[in-house]
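**Q** Here you go, one structure.
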Amino acid sequence: MSKKRISSLIIGLILGLVLIGLWLSFTELDQIILKIREVDKSLVLLAAVIYVMAYFIRSLRWNLILRKDIPIGVGRTWLYSMGGNFINYMIPIRLGELVKAWFIRKNHGLPVSASLPSIFIDKSFDTLGIFFVLLMLPFLAVQLSTGMTILLVLLALVFVLSLALLLMAALNQKGVHSFFEKVLAILPRVFRAKAQGFMKLFVAGLNIFEHHWTVLAVSILLTALGVFLDGFYFYSLFRAFGMSYPFAMVLFGYTLINLSYALPQPPAQLGSNEWMMIIIFSIGFGLTKDSASAVMVFAHILTALIMSILGIISFSVSGYDVIKAVYKDDKTYE
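In terms of the working numbering, the sequence shown has 392 at position 83, counting the first letter as 1, and numbering is strictly consecutive.
Given below as structure tokens:
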């Protein structure tokens with residue numbers, strides 16, 4: 310692994326430990342443990358099943374986008390997705406997308422450069438979660454803080470840009486390419502070449518929507534279903550802790566937490582998840598910090614367990630060689 314990536318991991322780990330230390334000083338750990346011991350195990354099992362279903366729905370979306378390049382079974386794309394998500398979870402420097410492409414190259418013979426566009430386009434759909442957050446605002450009796458308002462405005466801008474790109478892709482791919490060329494022209498020469506390479510991969514994947522409105526519509530519907538299942542998963546955990554909290558507010562808050570993963574994270578989201586939970590649900594929605602922390606700590610452990618199990622299964626079926634390549638920073642797998 311390159312020195313740059315190792316440095317990023319070390320810095321992220323230190324940051325995560327600092328966040329955990331601050332969080333522990335801000336909460337009462339005894340109360341959190343007591344609440345966790347009283348959790349309803351049947352509802353936890355339901356939440357775990359829903360969590361896995363949400364990822365399966367997203368893998369269906371990727372499978373739909375990927376079909377133009379190569380037909381792969383739904384089960385396989387789900388396993389590849391979980392393997393990539395596991396790497397992103399443990400090593401949050403966005404290597405998971407390359408892992409998915411590597412699985413396809415190894416098991417189906419499609420070059421990495423040919424499958425990466427579908428992966429980039431699939432990930433871009435996750436920004437549509439911003440739309441559902443904004444859509445819920447009129448129905449929530451929430452007094453937004455200044456910080457939350459600024460965050461929502463920024464998210465709205467990201468959503469508008471993402472939607473515009475997807476619609477332009479369905480209507481005029483050349484227009485998208487021209488737009489990116491003009492934007493990238495302002496970058497220094499040293500960064501421009503790398504950015505243009507990424508742009509070409511992204512635009513190459515956009516042609517799936519050109520004159521294919523059905524694929525675009527189904528992808529959006531699958532995204533909406535995935536967001537709903539995310540909220541239902543977290544709502545089930547609230548119920549497992551005996552909390553009667555409005556589903557719309559849980560969906561709103563958890564979607565914001567998910568969107569925060571676009572920002573740099575410590576390994577395994579150490580500390581960042583706990584603080585996002587307090588900022589959104591305690592400071593923003595008035596839930597006690599111990600109740601909010603108990604739900605997030607338990608959710609953190611549960612999702613880490615699920616991610617690890619499914620990640621190991623994915624690599625067992627799809628191949629472990631990519632882990633060696635990532636560790637050695639071997640560019641041949643890219």
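Here a beta-carbon is modelled for each residue, glycine too, at the ideal position from N, C-alpha and C. Owing to the predicted nature of the structure, the values given are computational and were not obtained by experimental measurement.
If you run the structure through DSSP and keep just helix, strand and coil, what is methionine 362?
**A** By one-based count along the sequence shown, residue 362 stands at place 53. Methionine 362: helix per DSSP, three-state reduction.
**Q** Do you know whose CA, among Leu369, Asp339, Leu474, lies nearest threonine 532's CA?
**A** As a position in the sequence shown, residue 532 is number 223, starting the count at 1. Closest option to threonine 532, Cα to Cα, is Leu369.
**Q** Do leucine 546 and alanine 465 have their C-beta atoms within less than 8 Å of each other?
**A** On the sequence shown, position 237 is the one that residue 546 refers to. On the sequence shown, position 156 is the one that residue 465 refers to. No. Outside cutoff.
**Q** Can you list, in chain order, the stretches of the alpha helix (DSSP H) that have 4 or more residues and sit fully within the stretch 562 to 606?
**A** If we require 4 residues or more, the alpha helix (DSSP H) runs fully inside the stretch 562 to 606 come out as 581 to 586.
**Q** So, is leucine 474 buried or exposed, given that buried needs 16 or more other C-beta atoms within 10 angstroms?
**A** Within the sequence shown, the letter at position 165 stands for residue 474. With 16 or more other Cβ atoms within 10 Å, it is buried.
**Q** In chain order, what residues of the same chain lie with their CB nearer than 7 Å to the CB of asparagine 372, ignoring the 5 residues before and after it?
**A** Taking the first residue of the sequence shown as 1, we reach residue 372 at position 63. Correct list, in chain order: Ile381, Val383, Thr386.
**Q** By Cβ distance below 8 Å, which residues in the same chain neighbour valine 626 in space, the five residues on each side in sequence not counted?
**A** Here residue 626 refers to the residue found at position 317 of the sequence shown. Leu388, listed in sequence order.
**Q** I believe leucine 318 touches proline 576 by the beta-carbon criterion, under 8 Å. Please report the beta-carbon distance rounded to the nearest angstrom.
**A** Counting from 1 along the sequence shown, the entry for residue 318 is found at position 9. Counting from 1 along the sequence shown, the entry for residue 576 is found at position 267. The pair is a contact, with the Cβ atoms about 6 Å apart (cut-off 8 Å).
**Q** What residues in its chain sit with their C-beta under 7 Å from that of glycine 405, if we drop five residues either side in the sequence?
**A** As a working mapping, residue 405 is identified with position 96 in the sequence shown. Taken in chain order, the residues that qualify are Gly393, Asn394, Ile396, Asn397.
**Q** With a CB to CB cut of under 8 Å and the five nearest residues on each side skipped, what residues in its chain are close to glutamate 347?
**A** Walking along the sequence shown from the start, residue 347 turns up at place 38. Closer than 8 Å at Cβ, skipping near neighbours: Phe550, Gly551.
**Q** To the nearest angstrom, how far is the alpha carbon of lysine 598 from that of isoleucine 587?
**A** Looking up residue 598 in the sequence shown gives position 289. Looking up residue 587 in the sequence shown gives position 278. Computed Cα separation, rounded: 6 Å.
**Q** Measuring straight from C-alpha to C-alpha, what distance separates aspartate 378 and alanine 423?
**A** Taking the sequence shown and counting its residues from 1, the one referred to as residue 378 is at position 69. Taking the sequence shown and counting its residues from 1, the one referred to as residue 423 is at position 114. Their backbone Cα atoms lie some 7 Å apart in a straight line.
**Q** Does glycine 535 pass the burial test, meaning 16 or more other C-beta atoms within 10 Å, or should it be called exposed?
**A** If you number the sequence shown from 1, residue 535 lands on position 226. Its Cβ being crowded by 16 or more others within 10 Å, glycine 535 is buried.
**Q** If you draw a straight line from the C-alpha of isoleucine 566 to the C-alpha of isoleucine 589, how long is it?
**A** To locate residue 566, count along the sequence shown from 1; it is residue 257. To locate residue 589, count along the sequence shown from 1; it is residue 280. Going by the C-alpha atoms only, they are around 8 Å apart.
**Q** Provide the residue span of the alpha helix (DSSP H) that contains leucine 443, from first to last.
**A** The residue given as residue 443 occupies position 134 in the sequence shown. Run containing leucine 443: 438 to 445, per the alpha helix (DSSP H) assignment.
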